[in-house]
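Q: Sharing a structure below in structure tokens format, with a few things to ask.
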Amino acid sequence: MDSDNLFHWIGEKLGAVIRFIVDALGWLFDNLYGAIDSFVQGLTGALGINASIFSLLILVIGLAMLASSVRAAIRRRVVAAVVWAVLGVVVLTWLIY
Numbered sequence: 006m007d008s009d010n011l012f013h014w015i016g017e018k019l020g021a022v023i024r025f026i027v028d029a030l031g032w033l034f035d036n037l038y039g040a041i042d043s044f045v046q047g048l049t050g051a052l053g054i055n056a057s058i059f060s061l062l063i064l065v066i067g068l069a070m071l072a073s074s075v076r077a078a079i080r081r082r083v084v085a086a087v088v089w090a091v092l093g094v095v096v097l098t099w100l101i102y
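So the sequence shown is residues 6 to 102, counted in our numbering.
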């Protein structure tokens, strides 16, 4: 009879630990989703673009082009820097307007 109570107690404690872990992960992912959603809404609102995956992808591509321009300028490749800068500005201008 005592072993039955022991295993019942162990099962309750293990269930409580699992429940705590699941609740903690749910809280973490809920707050993480809220933070990401707020960030995306703020970013897209400030830029005046839609909060879609396509718009965010075009934004990342345009910023990558500008980063390539900076890298080319650091390497003293003036023509490449100008080309990347123009392409990046064209893509970002197309996105924002």
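Beta carbons: idealized from backbone N, C-alpha and C, even for Gly. Quantities reported herein were computed from a predicted structural model and do not represent experimental measurements.
Taking DSSP as the reference, what is the three-state secondary structure of residue 82?
A: Coil, per DSSP.
Q: Apart from the five residues on each side of it in sequence, which residues of its chain come closer than 6 Å, Cβ to Cβ, to residue 60?
A: Answer for residue 60: 54, listed in chain order.
Q: With DSSP collapsed to three states, give me the class of residue 60.
A: Residue 60: helix per DSSP, three-state reduction.
Q: For residue 78 versus residue 72, is the C-beta distance shorter than 8 Å?
A: No, they are not a contact pair.
Q: By the three-class DSSP mapping on this structure, what secondary structure does residue 102 have?
A: Coil.
Q: Out of 42, 69, 66, point me to the one whose CA is closest to residue 56's CA.
A: When each option's Cα is compared against that of residue 56, the closest is 42.
Q: By how many angstroms is the C-alpha of residue 100 removed from the C-alpha of residue 63?
A: Distance between the alpha carbons of residue 63 and residue 100 is about 7 Å.
Q: Note down, in chain order, each residue of its chain lying with its Cβ closer than 7 Å to the Cβ of residue 93, except the 5 sequence neighbours on either side.
A: Contacts found: 67, 70, 71, 74.
Q: On a CA-only basis, which of 80, 52, 30, 76 is nearest residue 97? Give me that one, please.
A: It is 52 whose Cα lies nearest to the Cα of residue 97.
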